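Take a look at the structure below.
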Amino acid sequence: MIRVRMAPSPTGYFHIGSVRTTLYNWLFAKKNKGVFILRIEDTDKERNRKEFEEDILKNLEILDLKPDELYRQSERTDFYTDHLQKLIKEDRAYYCFCTKEELEAEKKAMEEKGMAPKYSGKCASLDKEEAEKRVKAGEAYVIRLRVPEGKISFTDMIRGEVEFDAGLMGDMIIARNLKEPLYNFSVVIDDILMKISHVIRGEEHLPNTPKQLVIYNALNAKPPLFAHLPLLLNKDRSKMSKRYGDVAVKDYLERGYLPEALINFVALLGWHPQGNQEIFSREELINEFDISRVQKAGAVFDIEKLNWINRQYIAGLSEEDLTAKIEKYIPEEWKINQAMVRAIKPRLDKIGDVKELLMVYFKLPEYDRNLLFWKGEDRDTKNILEKLSAEIKNIEDKEFDLENVTDKITALVPDDKKGDYLWPLRVSLSGSKTSPTPFELLSGLGKEESLRRIQIAVGKLNG
RNA sequence: GCUCCUAUCGUCUAGUGGCCAAGGACAUUAGGUUCUCAUCCUAAAAACCCGGGUUCGAUUCCCGGUGGGAGCGCCA
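Heads up: the first sequence begins at 26 in my numbering, then just goes up one per residue.
Set out below in structure tokens:
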């Protein structure tokens with residue numbers, strides 16, 4: 026049975042990189058008819074916040090990456106204590122009474138000699154009963170695992186054989202005390218207890234893997250298979266961070282990137298199936314996903330490509346769906362119609378851009394009369410606008426849609442004078458040098474408002 | 001400093017020894033599509049890090065160098 030997990034710690038808003046890790050885990054589970062588990066690693070009481078856990082849960086829901094099982098490490102402390110006691114009893118682990126100051130001095134001395142810092146093993150040979158007594162007497166201690174010398178190697182599903190030297194590691198601390206396990210220890214215990222078959226996680230965990238393997242050995246447990254995903258990178262190829270833009274999923278969602286687009290984009294960061302397809306449905310992703318095709322090197326997060334993918338998804342939205350999404354981003358008093366939605370659809374990178382794009386329909390900006398002249402030359406502009414105005418007046422209210430308006434106006438415009446007619450019309454309707462087409466403006470504004478705006482333009486020319 | 005990972009156009013990537021005088025997408029540039037902007041269409045420019053091997057033949061395999069990255073907590 027395939028069982029995978031995503032194990033975030035709620036110490037910040039859900040990161041876009043975590044979304045990708047979650048997605049790959051989720052896809053791997055679905056592809057193999059396995060189980061996807063979410064394990065909240067909330068053992069650091071100082072840094073955890075409920076708000077962040079809620080952010081993770083909420084966004085997994087929005088992104089449709091819901092877990093099949095959910096656990097919190099804070100509810101599992103008994104398991105860790107049991108295994109800690111077992112390891113001490115079997116003498117695979119021992120109490121260490123060295124103070125932080127002693128350790129610090131030791132570390133410094135070794136670094137000065139040009140050696141990698143490593144615990145001396147001072148407390149490794151302490152008498153067990155003696156140590157127990159000191160613990161009971163309330164002396165400060167930590168628990169260390171005996172790490173045998175030798176090579177630790179494993180086969181990464183993405184990277185192949187990876188080897189580390191355990192001799193460089195030293196006896197590692199696995200718990201602050203019997204009730205407070207440290208990260209690498211609780212991870213291993215949970216992965217064993219939850220029968221995790223494959224650990225799919227970010228490359229930053231690669232150096233943790235040998236440490237965890239040592240713990241599996243001490244526990245006589247069979248380790249899962251590992252896959253270390255390449256990192257998501259900033260423009261300068263450093264690990265993706267706030268320095269170059271948003272990293273929290275909620276920020277992207279709030280700006281109006283569609284969940285499906287975000288998933289599609291992030292899926293392609295570090296993975297690609299055979300062929301040239303770029304847009305994938307969730308079903309296609311499940312079918313195509315193959316962890317052996319995951320890239321080894323990091324991938325730069327390119328917002329331009331995200332914008333393009335998002336536009337593809339916006340283009341695929343029905344007008345009703347798009348309208349519903351738009352309404353969250355504009356003032357309540359703005360009454361939008363179908364013509365407006367159609368006009369802005371191909372101009373939207375993300376739904377959050379909508380307010381700025383729709384503004385033209387609700388507020389005519391101040392503009393200079395010279396802007397009305399096509400290529401800066403007044404060639405009968407006022408008469409042309411009055412002619413257009415008269416024609417517009419003749420169109421029935423009921424027939425004031427894009428198609429009709431386009432037909433009626435183009436019939437009036439001589440082929441060689443398009444600029445002379447359409448430019449001033451568009452400027453009078455929008456008050457700006459860039460905007461949707463005059464026909465899109467007319468149909469969106471409606472007859473009355475269109476005529477009003479043209480009159481304003483004519484007024485400017487009279488003055 | 002130590003350990004580990006890594007290396008195809010600016011970016012994401014296809015490519016698993018000959019089919020590659022290296023393909024696609026984003027971005028860029030030029031042109032076209034009933035005025036502007038956007039969309040759309042067409043075209044252009046743009047890459048196998050370097051040096052050794054292995055081989056009849058290397059972008060593809062091996063080694064070294066260089067570049068880039070990550071990790072080195074009684075954090076996760």
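In this text, a Cβ means the ideal position worked out from N, Cα and C, and glycines have one as well.
Quick caveat: nothing in here was measured; it's all calculated off a predicted structure.
A contact is defined here as three or more CB-CB pairs under 8 Å, and the region 335-342 meets this definition with respect to the region 360-376. Looking only at 177, 327, 196, the smallest Cα-Cα distance to residue 187 is reached by 177.
A distance below 8 Å separates the beta carbons of residue 35 and residue 78. Sequence-distant partners of residue 238 (beyond 5 residues in either direction) whose C-beta falls short of 7 Å from its own C-beta, in its chain, are 177, 179, 248. Contact between the region 294-306 and the region 357-370 is absent: fewer than 3 CB-CB pairs across the two stretches fall below 8 Å.
With the rule of 3 Cβ pairs closer than 8 Å, the region 223-239 does not count as touching the region 119-131. Residues of the same chain with a CB within less than 8 Å of the CB of residue 463, apart from the 5 flanking positions on each side, are 434, 447, 450, 451, 454 in chain order.
Annotated as distal: residue 90 and residue 314, with beta-carbon spacing of 8 Å or more. By the neighbour-count criterion, in which a residue is buried when 16 or more other Cβ atoms sit within 10 angstroms of its Cβ, residue 216 is buried. For residue 185, DSSP records a beta bridge to 181. Burial is judged here by how many other beta carbons sit within 10 angstroms of a residue's own beta carbon; residue 459 has fewer than 16 and is exposed.
Under a 10 Å Cβ-count criterion, residue 164 is classified as exposed, with fewer than 16 other Cβ atoms of the shown protein chains found around its own Cβ. With fewer than 16 other CB atoms across the displayed protein chains lying within 10 angstroms of its CB, residue 95 is exposed.
Across the set 202, 221, 109, 393, the C-alpha of 221 shows the shortest separation from the C-alpha of residue 62.
With the rule of 3 Cβ pairs closer than 8 Å, the region 399-412 counts as touching the region 436-445. Three or more pairs of CB atoms, one per stretch, sit closer than 8 Å, so the region 199-207 contacts the region 167-175. With respect to residue 472, residue 425 sits close: the two C-beta atoms are nearer than 8 Å. Boundaries of the alpha helix (DSSP H) around residue 108: 102-114.
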